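S.K.: Below is a structure I'd like to ask you about.
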Amino acid sequence: MTARDRDFIGYSDDYPDVSWPEGRRLALSIVVNYEEGAERAYPSGDTTQEMLTEWGRSPVPDGTRDLAMESMYEYGSRVGVWRILDVLRKHSVPSTFYAAAKALEIHPDVARAAVEQGHEICSHGLRWEEVFHLSRDEERAHIREAVEIIERVSGSRPLGWYCRYGPSVHTRDLVVEEGGFSYDSDAYNDDLPYFVDVHGTDHLVIPYTADVNDMQWWMGSMVTGDEFLTYARQSLDVLRAEAQHRPRMMSVGLHCRIIGRPGRIGGLDEFLAYACSFPDVWITTRAQIAEWWHTLRKDGAV
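Be aware that the sequence shown starts at 1, since it is given in UniProt numbering, and climbs by one per residue.
Given below as structure tokens:
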């Protein structure tokens, strides 16, 4: 398959007969989206502003600064991210930070704390922006600037790439052209990583999730931390059962301004305690998943 072909087949019922490290059958990736300060807002010089808030769709009319929305995002970097880091530390769980470069540049203490705690910094773009609105040249420039900022602020180059909502038709080509990336996560179509051909380059895709994702609170489909816990736990149970016969991977998506609230964080705390109780579950970063899958590729196993 090439980068832009649609693939309705995937592994089908012929999954590779492989395991994760130490014979474990399920890889679990916890993802912390760090976007606060990189969102659309008039003070940032944008011509539009974010519309999705704790209230649902913002009632503030176009052209009027939405101070409530801005403060909801500020909660994520002022409070939420630290609460999430505390819970991850409590369970000794490594995560991947999908970090918008401008957000890290505004608050470099977050980058330092995440790195010191053993979390991976994956590039979530220059801004928290929909790259399909950019020209190819604009997107190329944004990728390069994002890499430079993240490397400068965090001390290491990002190995992964993930766009807001979804990529453009150019994104994967540009990520490979830039070089230095071991994976992207701009897909939602499988429970395992897979390779695609990008102009002769064997490129790894580690699919992400929109369902085991705290954004469902802001979309109106969840209210309590218990609802998040139930859905995440049921997802883990199904994948663990399937993993007895074929390898599996699970992603959990978090946002600092959302699950970082006091009434929601308990769902994450309890889920991590549950996941950590299973020795056959490998809780790891996406960079480590990529490293393992690339090794399997070299060995001809996938």
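The beta-carbon is built from N, C-alpha and C at its ideal position, and this holds for glycine as well. As the structure is a computational prediction, the values presented were derived from the model and not from experiment.
#1: Quick check: the Cα distance between M51 and R57, rounded to an integer number of angstroms?
#2: Measure the Cβ-Cβ separation of W128 and E39 and say whether it is below 8 Å.
#3: Pull up the DSSP beta-bridge partners for C122, would you.
#4: How far does the beta strand (DSSP E) with W282 in it reach, from first residue to last?
#5: Assuming Y274 and R233 make a contact with CB atoms under 8 Å, what is their CB distance in whole Å?
#6: State the start and end residues of the unbroken beta strand (DSSP E) segment that holds L26.
#7: Taking the runs of the alpha helix (DSSP H) that are 4 residues or longer, which of them lie wholly in the segment 116-173?
#8: For a minimum of 3 consecutive residues, which ranges assigned as the beta strand (DSSP E) are wholly contained in the segment 251-301?
#9: Any idea what DSSP makes of T230, helix, strand or coil?
#10: So V32 and L254 are supposed to be a Cβ contact under 8 Å. How far apart are they, rounded?
#11: Enumerate in chain order the residues of its own chain whose CB-to-CB distance from D62 is below 8 Å, with the five nearest sequence positions on each side excluded.
#12: Starting from V81, trace the alpha helix (DSSP H) in both directions and tell me its first and last residue.
#13: Pick helix, strand or coil for V205, following the three-state DSSP scheme.
#14: Based on the DSSP secondary-structure assignment, which residues constitute the bridge partners of F195?
#15: Which whole-angstrom value is the C-beta distance of C256 and V81, which I expect to be below 8 Å?
#16: Locate the alpha helix (DSSP H) running through Y73, then write down its first and last residues.
#17: Under 6 Å Cβ to Cβ from V176, same chain only, skipping five residues before and after it: list those, please.
#18: Look up R248 in the DSSP assignment and say whether it is helix, strand or coil.
#19: Apply the 10 Å Cβ neighbour rule to D184 and answer buried if 16 or more other Cβ atoms are within range, or exposed otherwise.
#20: Could you tell me the alpha carbon to alpha carbon distance between L296 and P16, rounded to whole angstroms?
M.R.: Result, derived from the coordinates:
#1: Annotation: M51 to R57 spans about 5 Å, alpha carbon to alpha carbon.
#2: Yes.
#3: Paired residue(s): Y98.
#4: V281 to T284 is the span of the beta strand (DSSP E), which, as asked, contains W282.
#5: Contact between Y274 and R233 holds: their C-beta atoms lie close to 6 Å from each other, under 8 Å.
#6: Taken as a continuous stretch (DSSP letters only), the beta strand (DSSP E) holding L26 covers L26 to Y34.
#7: Counting only runs of 4 or more, we get 136-154.
#8: Runs of the beta strand (DSSP E) inside the segment 251-301: 281-284.
#9: DSSP places T230 in the helix class (H, G or I) of the three-state scheme.
#10: Yes, they are in contact, since the Cβ atoms of V32 and L254 sit about 5 Å apart, within 8 Å.
#11: So the qualifying residues of the chain are T48.
#12: First-last of the alpha helix (DSSP H) with V81: V81 to K90.
#13: Strand.
#14: Answer by DSSP bridge pairing, in chain order: L204.
#15: Confirmed, about 4 Å.
#16: For Y73, the enclosing alpha helix (DSSP H) covers residues L67 to Y75.
#17: For V176, the CB contacts under 6 Å within the same chain, skipping 5 residues up- and downstream, are V198, T201 and H203 in chain order.
#18: Reduced to three states, the DSSP call for R248 is strand.
#19: By the neighbour-count rule (16 or more Cβ atoms within 10 Å), D184 is buried.
#20: The straight-line gap from Cα to Cα measures roughly 10 Å.
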